[in-house]
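Respectively, the protein sequence lines represent chains W and V. Residues in the first sequence are numbered from 19 upward in steps of one, following the numbering used here. Residues in the second sequence are numbered from 19 upward in steps of one, following the numbering used here.
2 protein chains.
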Amino acid sequence: MDQTALDNLLQPKTVAVVGASAQPGKIGYTVIENLLEGGYNGKIYPINPTATEILGLKVFPTIADVPGKVDLAVITVPVKFVAQVSKECGEKGIKALSVITSGFSEVGRKDLEDELVDIAHQYGMCVLGPNIVGTLSNSDKLNASFAPFLPFPGKATLITQSGALLIAMDAITYTRKVGFDKMISIGNMADVDFADLITWLDKDDNTSCICLYIEGFKDGRKFIEASRNTKKPIIALKAGVSAHGAAAAASHTGSLAGAVKVYGAAFQQAGVVQASDLNNLFDRTLALSLQPPLRKENLLVITNGGGVGVLATDAAERFGVPLHFAPQDVQDELKKHMPEFGSAKNPVDLTGMAGNDWYYKSVKFAYAHLWTDGLAVLYCETAMTNPVEIAQAIKKAIEETGITDKPVVVSMVGGTRCDEAMQWLVEHGIPAYTAPDKAMNGMAALREYNNIRQSINGTNEAKIPGSAKKAHEIIAKARGEGRTALTEIEAKKLFASYGLPVTEINLAKSEEEAVSLAHETGFPIVMKVVSPDIIHKSDAGGVKVNIKDEAGVRSTYQTILANCKAYNANADIRGVAVQEMAPLGTEVIIGSINDPTFGPTVMFGLGGIFVEVLKDVIFRVAPVTKGQAEQMINEIRSVAILAGARGEAPRDRAALADLVCSYAAMIYDLRDEVAETDANPVLVYEEGKGLKVVDARIILKKK
Amino acid sequence: MDQTALDNLLQPKTVAVVGASAQPGKIGYTVIENLLEGGYNGKIYPINPTATEILGLKVFPTIADVPGKVDLAVITVPVKFVAQVSKECGEKGIKALSVITSGFSEVGRKDLEDELVDIAHQYGMCVLGPNIVGTLSNSDKLNASFAPFLPFPGKATLITQSGALLIAMDAITYTRKVGFDKMISIGNMADVDFADLITWLDKDDNTSCICLYIEGFKDGRKFIEASRNTKKPIIALKAGVSAHGAAAAASHTGSLAGAVKVYGAAFQQAGVVQASDLNNLFDRTLALSLQPPLRKENLLVITNGGGVGVLATDAAERFGVPLHFAPQDVQDELKKHMPEFGSAKNPVDLTGMAGNDWYYKSVKFAYAHLWTDGLAVLYCETAMTNPVEIAQAIKKAIEETGITDKPVVVSMVGGTRCDEAMQWLVEHGIPAYTAPDKAMNGMAALREYNNIRQSINGTNEAKIPGSAKKAHEIIAKARGEGRTALTEIEAKKLFASYGLPVTEINLAKSEEEAVSLAHETGFPIVMKVVSPDIIHKSDAGGVKVNIKDEAGVRSTYQTILANCKAYNANADIRGVAVQEMAPLGTEVIIGSINDPTFGPTVMFGLGGIFVEVLKDVIFRVAPVTKGQAEQMINEIRSVAILAGARGEAPRDRAALADLVCSYAAMIYDLRDEVAETDANPVLVYEEGKGLKVVDARIILKKK
């Protein structure tokens with residue numbers, strides 16, 4: 019995306035409103051009115067073929083009539099005129115269109131949207147929308163939208179796929195006193211998408227945090243790439259996470275909702291912090307836009323009320339923020355600023371007797387202490403204290419330490435005086451919340467942001483030279499035979515070419531060949547029918563394990579053939595595979611899908627009941643780093659099994675992480691060919707003893 | 019608890035303030051000031067030995083000097099005078115003391131608290147506190163506390179163990195416009211406890227919902243009993259649910275925090291709805307105090323914005339509220355009140371074009387329809403509509419149906435106009451929320467309340483005549499031998515006396531006896547050492563399974579003796595148990611503890627890794643009804659295993675529920691004797707084939 023085009027879109031020096039109207043109530047009137055009321059300093063050109071003046075501004079019949087350069091054209095004409103006026107904008111040399119007009123893909127007219135984008139690209143223009151509310155920017159005093167006013171000022175920028183929510187959130191900023199610098203309605207994303215805006219906002223001095231409301235999008239890879247490369251915190255609320263909700267989102271935006279678990283994985287990999295609902299989004303955005311990340315884990319909580327202290331502690335556990343007791347020297351010092359019955363542990367309870375001075379001294383000492391990595395200051399309204407003074411004492415204490423790289427959050431539980439104090443704190447850069455759990459949620463976001471950014475460092479070089487060539491040969495052969503399912507032998511060869519440790523397997527076309535292969539492999543062995551027509555080999559009596567000698571091989575060969583012919587008389591039986599029998603180990607499963615939004619995506623879980631009954635599986639978009647592979651393994655609920663449950667030795671998790679990396683590299687390499695795969699089971703042995711892929715399945719994309 | 023004493027405490031016609039002060043800033047002054055400012059209509063008697071007038075009221079030197087009857091004495095004197103003034107109150111014939119004074123068990127002076135209660139009981143007085151803020155009641159215009167003002171009026175009553183939170187929440191009611199009729203600070207609960215107040219509030223016409231902030235209490239059974247017998251919804255926020263938080267709560271209140279899981283189970287059994295944090299408590303209280311329960315599951319969502327519709331749907335799933343598409347006739351009618359691109363499914367999306375009329379007609383039709391069991395109406399602020407008018411249209415539509423037994427909640431996302439509209443709705447009995455997920459949370463509380471009340475109906479008659487007598491004989495024998503651990507044989511006999519199906523087990527004191535018992539039992543059998551000195555029988559080589567014939571019995575008998583002597587030469591070996599070998603089945607575990615707050619408590623889970631690694635277990639306070647036993651089984655995360663995972667037939671869940679019932683009845687019966695027990699494993703067979711308790715363990719209380 020051309021950055022100059024985006025500069026014109028988001029920081030225009032001149033704006034034309036194509037479809038401007040002299041009639042109050044019309045969107046073409048509202049946009050002009052909003053530009054004026056917002057205090058926009060640039061030139062505004064209303065375009066309308068019949069009117070001569072709108073709200074005191076001179077009207078031009080067509081865009082061609084405007085003298086001089088126009089940076090941005092806001093288009094509000096009916097849908098049938100959009101193509102024509104876009105051409106005229108292109109001819110005029112405009113680089114950015116903000117298309118408020120609706121009636122495109124959201125009502126099934128994708129063709130009109132494609133036409134619009136084609137025209138725009140012919141002239142080197144970018145298109146925001148169509149079907150949007152517009153753009154709002156406090157720092158540019160620009161309200162180029164039909165939302166009624168610029169938001170309460172703040173340091174975050176919101177990009178939203180729901181225009182209705184933009185208007186509602188715009189109003190909410192004034193009641194919550196949590197603001198935005200910019201609010202951007204992204205609409206149908208025919209051209210400019212989340213990734214483009216994220217990249218541009220990363221360089222915007224007025225945006226410290228990027229806040230996303232997402233219903234669904236198409237190019238997941240581009241989103242991940244742009245987000246990873248951003249230096250600023252990004253927080254996303256993904257709507258449509260329920261089965262019912264995903265359906266509603268799809269019908270609403272016309273875009274694919276995508277599997278929820280895959281979106282969650284992609285946010286992780288993109289370094290994007292998540293919010294679960296609107297309040298959560300506001301609470302987390304406030305912290306991320308004002309405070310540095312929580313880099314280590316010593317969070318100290320200072321409170322004047324045992325009750326809110328306990329609630330904060332409960333919330334910390336719920337949000338995964340660990341709390342530790344402060345070291346003795348910290349406790350000794352803090353003990354000086356509280357009565358006998360206070361507590362200097364963590365939470366530090368100054369008690370209801372705490373006034374400005376105790377808060378000031380405790381906060382200053384604790385915040386400056388080397389042990390402390392972050393601070394949560396809680397206050398419960400009392401009759402004897404003034405919340406505004408407490409807020410000022412907290413701010414003064416923080417400021418005087420000169421420290422700026424440790425996060426601090428505040429919660430004040432009480433009435434209007436607390437609200438006033440909290441607004442003052444936010445204005446002075448300290449996030450403040452009406453409840454202790456909200457403050458803890460803000461701190462949790464700062465912690466997650468730190469951890470998530472660390473986890474995406476690292477490389478994913480798991481490639482073996484020549485792998486892809488071998489794999490494509492195997493695939494070409496299957497395609498040559500008109501197949502999209504590889505046989506187990508082919509799949510294992512393909513896996514092996516990427517360095518995955520598979521059980522040795524070879525095709526015997528006769529009893530004699532089976533005997534000879536069995537001797538080569540070494541007893542005991544497993545024998546399995548090989549037939550493209552028999553998918554469920556066990557059901558057909560086509561699998562026998564633990565065959566210990568030559569006689570067993572001979573009788574099994576005949577039994578399997580007989581069983582399979584009885585099961586399906588017309589099956590194309592190509593022989594019997596002779597396979598190394600892997601020692602017993604802990605069963606895990608690795609698989610992949612080709613997600614419509616994010617492409618090749620790897621899945622990991624424990625085998626058996628864990629995957630079948632508990633659905634305890636973790637996804638990541640391929641490829642993955644070693645760190646991400648380790649994270650996947652640690653995220654399954656049943657991870658304790660791998661740590662060595664019930665007296666067993668710990669399993670070889672290092673080998674497992676390597677396997678996940680290589681597997682992800684493989685499916686990424688083969689993303690244009692492979693639809694889905696699995697290695698199930700993989701048997702994992704104790705530490706240092708590796709693992710074995712026992713069964714393999716690869717389904718190719720239909721071409 | 020004497021109800022007249024509580025009447026005097028909570029609805030006094032005359033109040034004496036013992037420790038009244040003429041000095042502003044003193045609590046004894048503040049209470050007088052608050053009583054006057056709150057507009058209390060009864061008589062106020064300040065008691066102070068030196069002052070003559072306080073705030074225009076005549077002061078009496080002692081309580082004895084007051085002419086006529088005094089209902090309530092609020093005590094604010096220093097702790098050292100409390101016993102003396104309490105006696106004087108008793109002599110005066112007062113029935114209720116509200117002891118604001120602190121310095122009792124919360125600082126380690128339990129003795130002073132006991133003395134206070136002893137005095138009170140001698141005179142038939144009840145004591146609220148000590149260490150409290152006081153009591154506040156809007157309907158009585160009574161602010162007998164040092165909290166600065168009566169709360170914003172509402173229909174719920176709050177009882178809180180944290181005085182600091184009471185003061186803060188009092189202030190919050192004005193910013194949130196969510197009020198209370200009464201706020202009661204319960205303090206150290208030396209006498210009047212949650213159960214007493216719940217029972218009294220059940221008859222209070224001004225309380226429609228009882229809201230609890232709980233840190234911990236002692237008599238769990240009394241709480242459950244009182245809550246179960248209440249006709250009004252009760253909602254509880256239990257603080258101190260984290261390990262760290264439980265410690266903080268314990269130090270804060272001096273009462274036992276109790277195991278979090280057991281509190282959760284007890285709330286279920288008490289019919290108490292839970293809240294996870296302060297906001298949650300407010301949101302759920304609002305719905306429970308204004309609306310009837312959601313009795314069935316057809317919840318319809320009507321919205322003017324796809325975005326908030328999707329967020330509501332996501333929240334519904336998160337809170338366990340199912341959403342179904344509306345039937346065709348409902349969709350057909352609703353389609354009339356929306357544009358072409360709207361949706362009449364569920365959520366019903368009237369689109370941003372929806373004005374008062376569409377809201378009015380859709381809500382009226384949908385709410386009146388037989389299909390609909392509950393309604394959530396969402397509104398996202400638009401430039402074209404007036405939230406107050408939308409609110410009025412919704413209220414009018416609801417009212418005109420004449421229906422009052424279906425719940426309705428509203429969410430309005432937007433600015434100050436929305437806040438105003440929502441306040442109007444709340445004043446008119448309809449809970450309204452700033453975000454769709456909050457409205458859904460309110461509806462979820464109404465649904466949980468319905469379900470939880472239904473689940474506690476039913477009886478728990480699982481007793482077999484004579485069980486207790488047999489059990490006490492077995493226990494007496496063990497105690498006679500100075501033991502607190504029963505042998506497996508004793509434990510199984512005890513279980514069997516309560517009708518639990520145990521594997522047959524008998525003690526053989528010789529090889530010959532073992533052979534004869536084996537023949538009686540029938541092969542195959544299991545043999546286990548019997549010795550009070552060998553706890554871990556397998557480790558000692560004291561257990562052998564699947565013994566198939568007489569020769570096996572003989573050799574095993576000798577082997578076990580030899581192994582165990584080698585393991586512990588000094589062990590008192592009483593012989594070898596000969597046990598029926600149960601067929602393989604699905605392993606479950608049932609056990610019990612004697613919780614310090616709730617007493618005998620039963621635990622259920624799947625065996626093996628599920629209990630050991632996943633900690634997937636459910637608790638209930640004994641005894642339990644059949645319905646509760648079924649609920650326990652359904653609450654384990656791995657319940658699919660019992661439904662017949664991986665091609666197995668479904669397990670006999672009816673037999674399992676019976677077992678849990680009988681087990682709970684047993685431990686309740688034996689609550690004075692038994693400390694902890696388990697049946698591990700219990701093998702469960704397919705439906706109709708029952709189950710077997712394979713191993714049994716009973717530890718007696720130390721006496």
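Glycine included, C-beta positions come from ideal geometry on N, C-alpha and C. Since this is a predicted model, take the numbers as computed values, not measurements.
Which same chain residues, not among the five before or five after residue i, have their C-beta less than 6 Å away from its C-beta?
{"i": "Val97 (chain W)", "result": "Thr119, Gly121"}
{"i": "Thr68 (chain W)", "result": "none"}
{"i": "Ala462 (chain W)", "result": "Phe337, Val339"}
{"i": "Leu443 (chain W)", "result": "Ala409, Val428, Ala450"}
{"i": "Ala503 (chain V)", "result": "Ile717"}
{"i": "Thr436 (chain W)", "result": "Going by the sequence as given, residue 436 (chain W) is Cys instead of Thr. Result list for Cys436 (chain W): Glu399, Pro405, Met430, in chain order."}
{"i": "Leu512 (chain V)", "result": "Ala489, Ile492"}
{"i": "Ala23 (chain V)", "result": "Lys113, Ala114, Cys144"}
{"i": "Asn156 (chain V)", "result": "Leu168, Pro171, Asp199"}
{"i": "Gly57 (chain W)", "result": "Lys159"}
{"i": "Phe541 (chain W)", "result": "Lys566"}
Throw me the rounded Cβ distance for the residue i and residue j pair, which I believe falls under 8 Å.
{"i": "Met621 (chain W)", "j": "Gly603 (chain W)", "result": "Between Gly603 (chain W) and Met621 (chain W) the Cβ distance is about 20 Å, and since that is not below 8 Å, they are no contact."}
{"i": "Val320 (chain V)", "j": "Val366 (chain V)", "result": "Per the sequence presented here, residue 320 (chain V) reads as Ile, with Val not at that position. Ile320 (chain V) to Val366 (chain V), Cβ: 5 Å. Contact."}
{"i": "Ile482 (chain W)", "j": "Gly517 (chain W)", "result": "5 Å"}
{"i": "Lys31 (chain V)", "j": "Gly60 (chain V)", "result": "5 Å"}
{"i": "Met650 (chain W)", "j": "Arg669 (chain W)", "result": "About 15 Å separates the two Cβ atoms, so there is no contact after all."}
{"i": "Thr94 (chain V)", "j": "Gly46 (chain V)", "result": "4 Å"}
Using the beta-carbon count (16 or more within 10 Å), is residue i buried or exposed?
{"i": "Glu491 (chain W)", "result": "exposed"}
{"i": "Thr619 (chain W)", "result": "buried"}
{"i": "Ser260 (chain W)", "result": "buried"}
{"i": "Thr422 (chain W)", "result": "exposed"}
{"i": "His9 (chain V)", "result": "The structure shown does not extend to residue 9 (chain V), since chain V spans only 19 to 721, so no value can be given for it."}
{"i": "His355 (chain V)", "result": "buried"}
{"i": "Gln472 (chain V)", "result": "exposed"}
{"i": "Ile601 (chain W)", "result": "Residue identity check: residue 601 (chain W) is Pro in the sequence provided, not Ile. The residue in question, Pro601 (chain W), is exposed, as its Cβ has fewer than 16 Cβ neighbours within 10 Å."}
Residue i and residue j: beta carbons closer than 8 Å?
{"i": "Pro9 (chain W)", "j": "Leu329 (chain W)", "result": "The structure shown has nothing for residue 9 (chain W), since chain W only spans 19 to 721."}
{"i": "Ala162 (chain V)", "j": "Val92 (chain V)", "result": "yes"}
{"i": "Val700 (chain W)", "j": "Ile607 (chain W)", "result": "yes"}
{"i": "Leu215 (chain W)", "j": "Leu255 (chain W)", "result": "no"}
{"i": "Leu27 (chain W)", "j": "Cys144 (chain W)", "result": "yes"}
{"i": "Ala647 (chain V)", "j": "Val678 (chain V)", "result": "yes"}
Excluding the five sequence neighbours on either side, which residues of its own chain have a C-beta within less than 7 Å of the C-beta of residue i, listed in chain order?
{"i": "Ile574 (chain V)", "result": "Per the sequence shown, residue 574 (chain V) should be read as Thr rather than Ile. If we look at Thr574 (chain V) and ignore the five residues flanking it on each side, its Cβ neighbours are Met545, Lys562, Ile565."}
For residue i, collect the residues of the same chain with a Cβ closer than 8 Å to its Cβ; drop the 5 residues on either side in sequence, then sort them by chain order.
{"i": "Lys721 (chain W)", "result": "Arg497"}
{"i": "Asp634 (chain W)", "result": "Gly623, Leu624, Phe628, Ile654, Arg655, Ser656"}
Tell me which residues of the stretch 379-399 of chain V have at least one Cβ-Cβ distance to chain W shorter than 7 Å, keeping chain order. Cys398, Glu399
Taking beta-carbon pairs under 7 Å, can you tell me which members of the stretch 68-94 of chain V lie near chain W? none
Contact residues within the stretch 305-335 of chain V, judged by C-beta distance below 8 Å to chain W: Asn322, Gly323, Gly324, Gly325, Val326, Gly327, Val328, Leu329, Thr331, Asp332, Ala333, Ala334, Glu335
Near-chain V residues of the stretch 100-131 of chain W (beta-carbon distance less than 8 Å), N- to C-terminal order: Glu124, Val125
When Cβ atoms are compared, which residues of the stretch 427-458 of chain W fall closer than 8 Å to chain V? Val431, Gly432, Gly433, Thr434, Arg435, Cys436, Asp437, Thr452, Ala453, Pro454, Asp455, Lys456
Of all the residues that make up the stretch 171-200 of chain W, which are near chain V by a beta-carbon distance shorter than 7 Å? Ser180, Ala182, Leu183, Ile185, Ala186, Ala189, Ile190, Tyr192, Thr193
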